[in-house]
Amino acid sequence: MKKSLLLSIVVVAIFASCNISPESKVEVLIKKDLVKSLYKPESYKPVETIVDSAFSPKDDPAFFEKLQELMSIVKEIEIDQFNQKHAKSTMSLWSGPYQSAFGRNNYNEAKENYDKATKNIEKATEKGQKLGKELLAMLNKKPEFMGWKATHNYRADDNEGKTLIGNSIYIIDKNFEKILFSCEEEEFGQIQEGIEMIKEIIEEEGS
């Protein structure tokens with residue numbers, strides 16, 4: 001009798017696990033991950049979870065990483081371009097046939113800064129172009145199913161006890177076993193904007 005009862009419990013548990021909704025499976029993973037970063041984990045309350053299919057490269061963390069790297073390179077180039085322009089202006093200020101020792105020293109220092117910025121721009125541009133080609137190649141591939149994308153809304157208290165609303169995006173593997181990527185919904189939107197920019201480049205080059 002005891003064995004029969006135990007077997008029944010096991011069978012029910014197995015069938016129950018098979019009928020768990022994708023949203024429920026995702027919420028279990030998200031809660032385990034999310035509460036680690038909350039000020040008051042006990043205050044966490046899920047509001048809504050929407051699960052949809054995820055396709056590469058649009059939802060691929062590897063693509064996000066390369067895109068983020070490209071954005072960082074662009075920022076570096078912008079900074080070096082500013083430094084280059086400033087150094088060139090300083091060189092112009094201290095140049096001329098009647099340089100004093102002080103003026104010559106300032107000119108040489110500005111020249112070094114100009115050369116350094118120029119070299120950095122050349123290196124970063126070469127690296128950015130190579131990375132850009134990799135991103136373009138990834139976008140040109142046929143989209144492939146890679147797992148699940150979950151939009152998760154929740155409530156939680158901050159360190160002052162105020163209840164805040166959180167909106168996060170999670171990329172989950174095909175078997176609902178692990179989180180591949182997560183970020184705030186706003187950040188994910190910025191990533192998608194970057195992807196659209198890359199697509200525009202593809203269309204321009206193809207025309």
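Under our numbering, the sequence shown has 115 at position 115, and the numbering climbs by one with no breaks.
Each residue gets a CB set at the ideal place from its N, CA and C atoms; glycine is no exception.
Residues that residue i bridges to, as DSSP identifies them
i      : result
Gln38  : Contrary to the premise, residue 38 reads as Leu rather than Gln in this sequence. Paired residue(s): none; Leu38 is not in a bridge.
Glu184 : Ser168
Ser53  : Trp148
Ile179 : Ile172
Thr163 : Asp157
Cβ-based burial, residue i [other Cβ within 10 Å; buried from 16]
i      : result
Phe64  : buried
Ile201 : exposed
Leu70  : buried
Ser53  : exposed
Gly189 : exposed
Val28  : exposed
Pro236 : Any question about residue 236 goes unanswered here, given that the chain covers just 1 to 207.
Tyr98  : exposed
Gln129 : exposed
Ala62  : exposed
Gln84  : buried
Tyr154 : buried
Lys75  : exposed
Integer Cβ distance of residue i from residue j, believed to fall under 8 Å
i      : j      : result
Glu23  : Val47  : Wrong, their Cβ atoms sit about 12 Å apart, outside the cutoff.
Asp157 : Thr151 : With a Cβ gap of about 22 Å, Asp157 and Thr151 do not count as contacting.
Ile191 : Ser182 : So it is not a contact: roughly 12 Å between Cβ atoms.
Ile73  : Leu131 : 7 Å
Three-way DSSP call (helix, strand, coil) for residue i in this model
i      : result
Pro46  : strand
Asn106 : helix
Asn153 : strand
Asp60  : coil
Phe82  : helix
Gln99  : coil
Pro22  : helix
Lys142 : coil
Chain B within 9 Å of residue i, Cβ atoms only
i     : result
Ile77 : Among the chains of the structure shown, chain B does not appear; only one protein chain is present.
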